[in-house]
Every structure is written in structure tokens, then in C-alpha cells.
Amino acid sequence: MRHRIFLLTTALLLVGALLVSQKQRSEVPVGPDALLYFIADMQRELSRLPVAFTRLSDEEEIRIGNELARYYAASWEPSDDPSSQAIQAYVERVGSQVAARARRKLPYRFHYLRHYGANAFALPGGHVFIGSGLLRLLDTEDELAAILGHEIEHIDHYHCAERVQLEGRLRRLRLEAISDLVRIPIGVFQVGYSKVEELEADAEGTRLAVRASYSPLAAVRLFEKFDELAQAYEHAGGKPRTPQEEVGQILREGLKGYFRSHPPSAERAQRIRALIAREGWEARTSTRPLAVSELLVADGNR
Amino acid sequence: MELLLLLVLIGLYLAGRRRDRQRREELTARLDSLESGVSRLASRVYALEGTKPAIEQRIAAPATAKAVAKSPGPSPPPVAPPPVPVRAGSEKIPPAPIVPPPPRVPTPPAAPPTASKKPQEAVPVALTSIPPAPKVPPSPPITPARPLRERFTLELEQHLGANWLNKLGVTILVLGVSFFLAYQLGEMGPAGKVLVGYLVGGGLLAGSILLERRERYEVFARAGIGGAWALLFFTTYAMHHVEAARVLDSRLASLLLMLLVAAAMTGYTLRYRSQVVTGLALLLAFWTVNIGRETVYSLTAGMVLALALVVIAGWRRWYELEVFGLLATYLNHFFWLRTLVEDPGFSRQASPELNTSSVILLSYWAIFRASYLWRHPEPGHQEQVSTLAALLNTSLLLGLLKYQAARPDLAFWTLLGVGVAELVLGQLPLVRQRRTAFVVLSSLGATLIVASIPFRYGGAELSFLWLILAQAYFFAGVLTHEPLFRRFGVLAGILAAVQILAVSPSAEAGGLQASLPLTTAALLFYANAQAAPRRWAELLESRFDFVSLRVLCFLAGLLALVAAWVAVGEAWVAVAWAALGWGLAGLGRRLDEGDLYLQGVILSAAAFLRGLAVNFDLPGWAEGSTVRLVTVSLVAGLFYLSTRWADWIEPQKAAWVRATHTSAAALLILLLAYSELAAAWTAVSWAAYGVVLVWAGWRWKRADLSTQGNLLGLVVFFRVLVVNLDASESYGLLTLRLVTVSFVIGLLYLLSRWSKVDATDWGGALPILHRSAAAFLLAALALSELASPWVAVSWVGLALLLGVLGRTMRLSDLTIQAKLLAAAAFAAVLIVNLGAEEPFHAVTLRLLTASLVAAMLYAFSRWSEARELKALEQFPAAYTWAASLVIGLLLWYELEPASVALGWGLLGLVLFEIGLARRSEHMRFQGYVALGAAFARVLVANLNIDVVADPVSPRLYTTLPLALLYFYIYDRLFSQTENFLEWDRQLRVAEWHCYLGTLTLAAVFRFEVDLDWVVASWAMLLLVLLAVAWHTGRRIFLHQAMLLAAAIAFRTLLHNFYQRSHFPAPPGYEPLLTVGTTAVLLFLGLLFAFRLRERGNRPTATDRPLWQKGILAWLDGRPEQVLFFVPFVLLTVLLALELPRGLVTMSWGLLGLTAFLFALRVGERSYRLAGLALLLLCVAKILVLDVWDLHPRDRYLTFIVLGLALMLVSFFYSRHREVFRRYL
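For the record, the sequence lines run as chains A and B. The end of the first sequence is residue 302 by the working numbering, with every number in the run present. The end of the second sequence is residue 1224 by the working numbering, with every number in the run present.
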């Protein structure tokens, strides 16, 4: 009798959940993301303890960041074009305003990359890079502040420094030698960080932007925009039509996604909304337009 | 000229080689004889040595006996030697002095002592001291003969140096002098040249003769002698025939001189009885003549030499020499002719020399033919060489006559004349004494006569003349009992037949009249081959004659075949041949003549091929002509009639012949149907004919007909696949495909009724094959006629029907077909139906058709069991697996992505329950697989669901019921003790599901709860697990709690403590709050842990042995240790990380004290030691760190608190000393 009740309960719960789920039609990104987050977080957690005990000094981190920036900047051809220089000055101004509220007092420097796609990244010691492709996606200065705040927080929270430490340990590099430093590929900083680190940078970066008088809603809009782009990309690729395709996608994403464990944009936007609600920032809605929109168009035409 | 030189060398080489071979053979034989003699001697020596000790003993025995007999004592025992010294008589007679054996005298090897002599020697031998036989020295090894290869090399070298170099030298010398005489030294007069020639020749001859007397130079000198004579002959020849040396104008005188020299040369060289010497002389003479020829009359020298050579060859029987002489003679003539013919101004009509040349050539022929006629060669080699010479003589004569071609119009008469002459010569009594000569000359003559006719006659005249000649030879041979002429007749007949066939008219230009020569020849040959042997039995005595007549018989058949081809029209050739074949086979049967029967069979084959190649190209019924229909039907009918004649040959061959004829007839009828009927109906007609054939085979027990019918069934099958399945034209309300294929399927099933050929396995397989083909066609028909999604449904329905029929009718092949069809339906569902998204009323076509297929697969697995087939026992399980897979996939397609795991879970539950209820192992395991898939789906899908603002997270309500489901499965299996679950127990399915349930919960908490609160949620789960473990007594939950405690410790240490860099956590996420809550929850777990410890580790049915040993066993028995130390360590670290530095030591002290007190309360020594250790750590920290760098306030506070704590601890130790002792 007991097992019949147990069976009935279980079956009813399953059927009920099935009906609700069918009705709700929740969006489910099928893939190894959850497992990858789990593995990536575990990897980070494993590395975090030794890194925390052997943390680089700020001076050492600044030296390493400068060396890496000098080495890689040589390949990015700084432009003498007035438009580019104006955009560079604009990015520096916004970035400096945001960075002024960072906890670690580092010599933050901001670089506009004219021939770079829709991405931004940071190097240890205070170097933040933003590509023209990403700038063209923005509508307001507040969105730029959110992005720069996010990258500043990767530096502020030692994410970049720890990655250098980890790469140095894995590749057996002497971080004091420039010849060893340049063996760390720039892609290590471009691909992003673990889900926890990204969410941390999102929250703290938004906090920095708010402190610099920017609207936190810009970050929400930004991630909503990224989510739309991601969905458009997914639709272009098409959802799997058969179980075989789905398995193939899981395997593909499993291999690829291990190195790209960004949390989904929708979740990031949701978390920032929660932060806004928690901090009572709902009223901070006014935004400033992106002052270099026309310059970006002119720069792009060239 | 070079050719002549070559001939000379070849001749010398062959002669020398032959002689050397003879010598070598003689030497080898002698050597072998010597070696065998030595071997015999050696074996005799060994045999003698082996018998030596026995002989010595035998010698010694009488000697001893004699020595004893001479003494006065009693007689010694007869047997010697005794083992002990003979004491008998020793009392009366003093013992004989021991005489040492005499020294052994070496015997001369030339005269060894023989056994017969030994006993005569008086050898004093002591009775008690017989010396041991001296050791026989080993015989010296026999030196092996020199290896054959080495010996051959030495011989070759010797031979080359002694025999060949001299011949080459003298040849070159003679040639040089000859050239000198012919061309060089123009300032010297002819007389001088001749003088020089004679001087040189004479000097060489004299010197050679002198040298020849000494044995050492014998071989060398003989070559010189030969060369010298050649030079002398040439000088004599040159005196008239060479312009530069002409000193003699009279041709007669020259001829006489040459004859004289040739006679002298011959006479002299014959002294040596050396074919080489004489041959060398003669051949060099030929060569020299060739150098100096100028007019046709100079060729008379060749005649002279030929005559001399013939005389010598006949006298000495040097027939090889004659062959080379013959060649040299004709070649000399050829070279003269070539000079003449190749002259640009040469005209055959204006060259009277050609007539003279012809006469000279005929003279050569006459000389050599006379030599051949009057010789008496030994049978064997000499006869063979003679035959060669005879053949060469006529061949070279005719060749040169043809080359000079003085009168081509006389070719017929020349050939006829020479042929008649040879034939007549062959019949001379002198020749008839030598069978070989008779054969050679008669053959030459007969051949030349036959060969002469085409030079004058052609066409039909030639055919008839050769036929007459052939018949004449044949009857001559028959009447004279001479097989040679009969054979000539046969050969001439073959030649005539070839000629008749070659000139026979084509079919278009033919007719009965045109076929007359062919018919005549065929009848004549049949008469020769069949009638003549019946009259004259000796015609078949010889194997050759027997074969010849068979050849004639088959030639007659060929001629008859061609005659029929020429006589009748194109369309009726096949019929005529088939009729001829039928007639010949019948005649062969009547006359008991195998060749005729065989020809009948061959003609039938020809008729078959002819019918295939020609008659099917004729216009058919549709074009208004019935010729094809009639002729092919007649041919096929004649084939069937011909099978009646096969009853007189061997049964096996008869069966083969019948099978061949009926197969050919069947093939013709098939092709006729193919040609006359529309494409779609061909298969139907074939199938019907196949049924007729198998029925006839079954009725009259004819395996060939049955086999053809069965093969036809297969052909029909492939024909339907290729043609009929594409016939989509409408046929009334149906399609042509449906009508024709249905007919074929029905006929195939009918065919299977009578298709069993014999009782063998192969014979029994045929009905199965046809039924399988029919089933396959049914499936293919469904595929063609139905819309794609319904194909799988129809297939599985058909499979169900076949399965039931197979089971009812006990036809295992139907069962197998059903299973294969069901497998195909399954594959079709996977490939087609799952993609069918078209709506069908309220559902999709996919849902409807795939569900139907799955349901029928389940039904099929139930009703298609084939118990008689052991190999298929697992098939029902396979089909339930397939059905479950279809349903699983269907759920994937039809449900929302978030619901798939739930759907699979429900499917797993249903399958599991059915498996339990029906005690079906495979159903249960399908359920387990579905449940496992649901878990995997949760990992890759449900855990990814984004956090949304719904009241309840979809992640929760889509996963928690699954966790409950896993626990239900565990509980259900745990409570079952039936035997049929043994395998489930062995695989620990229940445990696995219990872990899956917990893992699902832990995973959901990991992703659903805020990251810093995950450990607290896990701690709560741990508490629940402990409670369940305590409540149910199932230690699996305790084990899971232990594992979860480890995970909590790991995550807290690595995440909660170090995740947030050095910045403070936001409100609500502080580690003090999250980790503190976790620690408290873990400490609460001690409430259950102590109870579980007291209950002890009592293994249950589902407990893993893993937890029965090692550290896991310890954990199982002491859960309170884990649940104390994990939070204790976490709190220690937490305090160190989160509190201000000045408060750390103090807080640690308080924690240590608390632990100590708690240990006292629960009486756990390890806890107490932990508290004490922490306190001591505080002391050490104070001493090493705090005392130096703490803020003064913190420092003293720390000191106070820690001091108090330590005092308190000390107090308790003092107070509860007995208690501690007891705890210790």
C-alpha cells in the first residue's frame, strides 16, 4: 500500500510538472553549460586557494601589465587619425571617471582598438581595451561606463592577475622575465572568465558606474542587447531538429564552451535587475548619449 | 659468305660436341665405375675390421685349447675363456708360466694376414690374461671425388684449348690464303698465286702430317691437315674458275683436277677416320668455291664436292656430314643465284643460265636423293639425320626453283612431277625395306601432288579435285591396308573441307544449290567416318585412325551446320539447326554413336545462340509479325523434344543434357515473353511460367525443371524490384504496380508450395527463399504505394501478421521475416516518421504513426515468439527496446525541451512498473535506461534554465519530481526480495537510483541557490539524509550524507572563503553568515549521527561492500566524527579569515573551550583533543605572532580570554579526573 501511495504521488507530481512545464514553455538552452560552469568554477576554486596565498604585489602586477600591453599594442597600430584620437580621448575620460571609484588604486589606462571586433578585455595592472565593433553597438555613454566598469573590476578583483599567475604556473614561466611573459597569449584575457568572476565583475562594475553617476539600467539594456544578438545567432544556426543534432551540439559546445564559460546574457541582466532592486537604484534612469557615435561612423568608413 | 662460315663453325661444333660428349660420357662412366669399386672395397674393409675381434677370439680359443691339451692335466672346459683362473689340476701340475703376449708384428699392407692364416700361427696365450683387443685405428677417410662442377670446368677449359683453338686458327688461315689467291697481290701473276697456294697448302699439309705422328699433337695436326686439303682444293679450283689465278682454260681439265684433289683429300683424310678432319676439309672447300664462283659452270665444282661428300658419307655413314654438305651445296647455289637475280639488268626471260641452274639443282637433288635411297642407316639417330637430309633436299630444291622463278607456269607440273617422283621412289622395293624412307618419300610425294593442284585449279573445281584426291587416298589406304594413305586421305579431306568452308557462299547469296558442295562433303565425311569402319573394322585399330575418323565426323557436322545456314532463310536457321540437332541426337541414339549425339547437342547449342542473336531482333506480335513467336517457340519445343533422346547415355550426363536443353528452352521462352509482352506484365508471365516449371518438376520429379522454376522466382523478384515498382500508371482504380506486384506476390507464394527440389537443406531453403521474396515485395509495395509516414505502420502491421502466421503455421521463416520487417519498420520510424511534423487532425502525423509503430512493436514482441528458434529468443526483448526507444524519441520531439526529462522519467516509471509486474527483465532495464537518460537530460538541459521571475523556478519543478522518482525506484527495489530481481541486485540498480536522486537534489541546489548559500543548502540536505537514514535504518543515506559533508567542506574552503578576493561580500552573503549557518546545520547532524553510530554498521541487502572496509567502513561506523570535525575546521578557518586579527586568537580560544566542554558532555575523546589542540594552537599563536604585532588592546584581551579558557580547561581536567581516565 505504501509503495502505491508513493507511486501515485510520484506519478502525479511528474504529470503535474510535465503539464506545467508544457504550459510555461520555458526557454531551455540545451548544452553542457551547467556542467561547464560547474567544472570551470571548480577549477577556479582549486586554483584560487594557492593563488590567494601567493598573490602578486600591485607593483609586480603593474609591471607585468605594462609589459604585456607594450608587447601586444605593437600589433594594433595606434592611429594618428583625428577621429580615432578623439574616440580614444573619450574612452579615456569615461574610463577614468569609472575607475576613480575602484578599490585598488592602480594606474588605469584605456585603449581604443580601431580594428577590433565586438569585445573588450583587461590586462593586469590597469590596462583596459575596447574594440570599435563593441563601441558601435552602444547607444549611450552609460553603456560604455558599464562595460569599462566590468573590465575594471576584472582587474580590481585580481581576476587578471590570477590568470597571469595561473598561466605562469601552468606554462612554467618566470613572470619577472619579459621573454617568458610574452608567451602568454592575449587570448587568455580575451575569452572571459568563470561564471562567478563574470557575475562578480558585472555587479561590481555596475556599482562603479553608478558611483560615477551613470545609470545602472544601461548595463541591463546592454545585456538585453547581447541576448538578442545571441538569440539571433542561435536562430541563424538553427535549433537542433533531431536528438542526434542535439547530442552533436552538446559535444561541440562542450569542447568549445569549456574555454568560453560566460554566463548567458539574460541571466546577467536578471542579476543586475536584482542588484538594482536591492540597492534601490530604480530611479537612476537618466542616461547620456554616446558622444562619439558620428566619429565612430566616420572612423569606420575610413 | 658469313652464313657459310657460320655453317662451317656450327658443323664443326656439332661434330666436336658429339664426340666430346661421347668421350665425357665414357670418362664419367669409367670414373663412376672406379668410384663404386673403391666404395665396394672400403665397405669390405670395414666389414673385415668389424669381424676381426670375433675372428681373433675364435683363433684364440683353439690355441688355448691346444695349449691346455698339451699339458697333462684334465681337459679344460670346452668353453673359453673362463672368468676365473683354472685351478683344475694345479695341485699335480705346476702352473704354467705366464707368458706375455708376443709383440704384435706389423703386417705388410700388400699382403695382409687373412683370417684363414691366423689360426695356423702358434700364439702362446695365457688363460688368465687374455689381453684386450688392441684398439683398431680408425680407417683413413676416403678422399671424396672431385666435385662434378669443378671437374666439368676443368674439362671445358681443356676442351677449348685443345680442340677449338686449333680449328679456329686453321679456318682463319685457310680463309686468308683463299682471299689472297682470289683478290690480293695483283702484281703477282696467276701462276705465282697458284704456286703460292700450293706451297702454302702443301707446307701446311706436310707440317701437319709430321706433327700428327706425335701423340701429343695429334688433335692439333688433324685440324691443320683438314685446312691444308681445303686450301689445295681451292687452289685447284682457282686455276680455272678464279680470274685472278686462272692458269687453266679447260673446264674439263679443271674438273678433273678438282676431282683428283677431292679424291686425294678424301682418301687422305679418311685415313684418320675422323669426321671432323674430313668435314673440315670438305666444307672449307665448299667455302672456297663460293668465294671464287664466276659463271654457272663454276657451280659444277659444287657438284663434284657434293658427289665426293655423298660417297664419303655413304661409305663412312657420316650422315651428319652429308646434311651440312647438302646445305653448303644449295647455299652456294643460292648465293650465285642471288648475285644474278639482284642484278638490275637481270631478266628471267633473257637469262639462259637459269635453265642450266635448274638442271644443276635437279642434279644436286638427284645426287642427294640417290644417296638417300642407297644408304642403310642404323635405326634411331642415323635414320633421323637421313630423314632430315631427305626433307632438306626436296625443300631446298623447291625453294631455290621458286627463288629463281624461271618458269612460273611450270610450277604445277614441277610440283606434280617432283611429287609423283617422290611417291614413285617411295614405292620402290629398295625403299619399302626401310619404313621411314617409305613414309618420308610417300608423304613428300602425296603432299606435293595435293599442293600442286591449286597452281592450276580454283573454286569448286579445286574443292571437288581435293575431295576426289582425298577419297582416292582414303580408298587406296583402305584397299592396300596401308594406314599412311588412309591418313593422307583424311588430311586431304580436312584440307578440302577447310577450302569448301572458306569459299562457301553467304546466307544471303545461298540456297539449296549453293549448299550442295557442303552437303556432299558432309555426307562423304559421314560415310567415311561412320559407314567405312562398320565395313572395315581394321580402320579403327590405330588410335590415330580412330581420332582421324572422329575428326572427319565432326568436320561433317560442321559442314552440315554451314550447309543448313546457307540453305535456309535467316529467321529459320535456328529452327533448322535445332531440328538438325534433334535429328543427329536421335540418330546417335539409334546408332549408339556418341559423336553424333554430341554433335546434336552442339547443334542445339548453336541453335540456341543463333536464336538469341538473331531471332529476337525480328519484328514481334506488336509489329504484326509472328515469325519471332513461331521460330523461337519451335526452337524451344525442339529443345524440350531433344531431352527425350538423353535416356541412352549415362544417367549423370543425361541429367546434365536434359538440364541444359530445358534451361535453354526456358530462357528462350522467358526472353520471348520479355519481347512480346508489356514491361509490367513480363514479371507476371515469368512468375506464372516459374509456377508451371516447379509444378512440372514436382510432378515428374525433374530437378532441372524445379531448379529453373526456382531461379525464375528469383529473377522475377529482381525484375519486380527494378521495373514493376516504378509502374505507377493507373490501371482502373488501382495502379499497374499494385496489380502486377500483387499477382507476382501471389504466384511466389504459390511457387513456394512446389519449389522444394529435394530433401537436402538447400532444397528445403527454396520455399523459404520464395516466401521471403514475397514478403520483401509486400514491404516494397507498401513503400511505393503509401505515403512515407504510413510505411512504417504498414510494415510493422505486416510483421505482426507474419509473426502470428508463422507462429500458427509453425513456419519459422515467416517469423524471421516478420522480425526483419519489424526491424525495418523501426528503422523507418527513426529515419522518416520522427521528422513528419505535418498535422493530422489535432496531433502531428509523427505522434500518430510513431505511437502506432511503438504499440505494434510491443504487441509484436508479445505475439511473435519463435520458441523453436533458439537464436531468436532475445528478439522480443529487442523489439521492446526498439519500441521504448521510439517512444523516448517521440517524447523528445513532441515535448517542450524543459519537459523532456520529465517525459523520459514517466516513461522509465511505466516501463519499470511493467517490468516488475510482468517480471520482465528487459522492460525494467529499459526503464532504468530511460531514467538514466532523464538524469543526463537534467544535466544538459534543465539545469541550464534561466532564472526568471516566475513564482517557482522551472528548474525546480522540472527536476525535483525526478529526484522523487529516483528515490521511489530505490524504495521499490529495496523492498523487493523476489528472485527475478537478482540481476538488478547484482548491478545495484536500487543504490544507483538512490544516488541519482540525491545527486539531482544537490545539483539543483548548486544551480538554483545563490552561490554562497550552496553549502548551506547542501548542509540542509545532509541533515535530511541523516534523518532519513536514522528513520529508515538504511545506511545508504548516511553514506550519501558523508559524501555530501566532504563536498561541503571542499566547497566552503575553496569557494566561500576565497571566492571574493579581499573585498567584503555584499550583505546577506557574508561568510560568517553562510558558513556559520552551514556549520550549525552540520553540528545539528550530530543528533542523528550519534544515534546512527549506536545502531552500528549492519550491512543490508543494498549496502555496497565498499563501505565495509577501510576508511569508508570507519566513516560508516563513526559518522559523528565527520559531522563534528568538518564544521569545527570550517569554523576555525572562518574565524581566522573573517574576524579582525586581534580577535582571532580569542575566538579560537572560545571555540576550543566550547569543543572541550561539548566533548565532556558527549563523552567523545576526539572532540576533547580537538578543543585542546585548538587551545594550544592559540598559545603558540600568541607566543609567535600576537605578542609582537597585535594592537595592545587586542593583545591583552586575547591574553585574558585565552588565559581564562585555559584555566577553565585545566579546571575541568582536575575536576573530572576520573571521568577523563574513564574516557581515556
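Where is the CB? At the ideal position from N, CA and C, for every residue including glycine.
| Asked | Found |
| --- | --- |
| Nearest to residue 10 of chain A by CA position, among B:986, B:1168, B:1025 and B:969, is which residue? | B:969 |
| Between the alpha carbons of residue 1117 of chain B and residue 1132 of chain B, how many angstroms are there, rounded? | 25 Å |
| In chain order, what residues of the same chain have a beta carbon less than 7 Å from the beta carbon of residue 711 of chain B, not counting five sequence neighbours either side? | none |
| Between the C-alpha atoms of residue 927 of chain B and residue 13 of chain A, what's the straight-line distance to the nearest angstrom? | 18 Å |
| Helix, strand or coil for residue 1158 of chain B, going by three-state DSSP, please let me know. | helix |
| Please report the residue range of the beta strand (DSSP E) in which residue 109 of chain A lies. | 109-113 |
| Per DSSP, what kind of secondary structure is residue 105 of chain B in: helix, strand or coil? | For residue 105 of chain B, the pLDDT reaches just 39, beneath the cut-off of 50, and the residue's location in the model is therefore unreliable, although a value from the coordinates is still provided. Note: residue 105 of chain B maps to coil in three-state DSSP. |
| Identify each residue in the region 965-989 of chain B for which the Cβ-Cβ distance to at least one residue of chain A is less than 7 Å, and report them in chain order. | 965, 968, 971, 972 and 975 |
| Does residue 475 of chain B come out as helix, strand or coil in the three-state DSSP assignment? | helix |
| Evaluate residue 91 of chain B with the Cβ neighbour count: other Cβ atoms within 10 Å of its Cβ, from every protein chain shown; 16 or more gives buried, anything less gives exposed. | Note that residue 91 of chain B has pLDDT 39, beneath the 50 cutoff, so the model's placement of it is unreliable and the number below is only indicative. Residue 91 of chain B comes out exposed. |
| Based on Cα-Cα distance, which residue from A:178, A:242, A:33 and A:134 lies nearest to residue 117 of chain A? | A:134 |
| Quick check on residue 18 of chain A - is its C-beta less than 8 Å from some C-beta in chain B? | yes |
| Have a look at residue 1010 of chain B and residue 914 of chain B and give me their C-alpha separation to the nearest angstrom. | 41 Å |
| Between which two residues does the alpha helix (DSSP H) harbouring residue 1232 of chain B extend? | As displayed, chain B neither begins before 1 nor continues past 1224, which places residue 1232 of chain B out of reach and without an answer. |
| Assuming residue 670 of chain B contacts residue 686 of chain B (C-beta within less than 8 Å), just tell me the rounded distance between them. | 6 Å |
| The region 260-287 of chain A: which residues have C-beta closer than 7 Å to a C-beta of chain B, in chain order? | 264, 266, 267 and 270 |
| Would you say residue 1200 of chain B lies against chain A (beta-carbon separation less than 8 Å)? | no |
| What does a CB cutoff of less than 8 Å around residue 663 of chain B pick up in its chain, not counting 5 residues either side in sequence? | 704 and 708 |
| Drop a sphere of 10 angstroms on the beta-carbon of residue 1046 of chain B, count the other beta-carbons inside from all chains shown, and report buried for 16 or more, exposed for fewer. | exposed |
| Can you check whether the C-beta of residue 993 of chain B is within less than 8 Å of a C-beta belonging to chain A? | no |
| Along the region 148-173 of chain A, where does the CB come closer than 7 Å to a CB of chain B? Name the residues. | 157 and 158 |
| Is residue 231 of chain A close to chain B, meaning its C-beta is less than 8 Å from at least one C-beta of that chain? | no |
| Taking 8 Å as the CB-CB limit, is residue 1 of chain A close to chain B? | no |
| Since residue 1308 of chain B and residue 974 of chain B are thought to touch, with beta carbons under 8 Å apart, how far apart are those beta carbons, to the nearest angstrom? | As shown, chain B starts at 1 and ends at 1224. That puts residue 1308 of chain B outside it, with no answer to give. |
| Quick one: what's residue 731 of chain B bridged to in DSSP? | B:734 |
| If you draw a straight line from the alpha carbon of residue 82 of chain A to that of residue 1078 of chain B, how long is it in whole angstroms? | 59 Å |
| Let me know the secondary structure DSSP gives residue 285 of chain A once reduced to three states. | coil |
| How many Å lie between residue 777 of chain B and residue 877 of chain B at the Cα? | 27 Å |
| Can you give the Cα-Cα distance for residue 889 of chain B and residue 19 of chain A, rounded to whole angstroms? | 19 Å |
| Counting Cβ pairs closer than 8 Å, one from the region 377-394 of chain B and one from the region 317-325 of chain B, do we hit at least three? | yes |
| Return no unless some Cβ of chain B is closer than 8 Å to the Cβ of residue 223 of chain A. | no |
| Return no unless some Cβ of chain D is closer than 8 Å to the Cβ of residue 45 of chain A. | Here chain D cannot be found, since the structure's protein chains are A and B. |
| Please report how far the alpha carbon of residue 379 of chain B lies from the alpha carbon of residue 267 of chain B, in whole angstroms. | 28 Å |
| Residue 44 of chain A: which of A:288, A:209 and A:196 sits nearest, CA to CA? | A:196 |
| According to the neighbour-count rule (16 or more other Cβ atoms, all chains shown, within 10 Å of its Cβ), is residue 26 of chain A buried or exposed? | buried |
| Can you confirm whether residue 15 of chain A, when its beta carbon is compared against all beta carbons of chain B, has any partner nearer than 8 Å? | yes |
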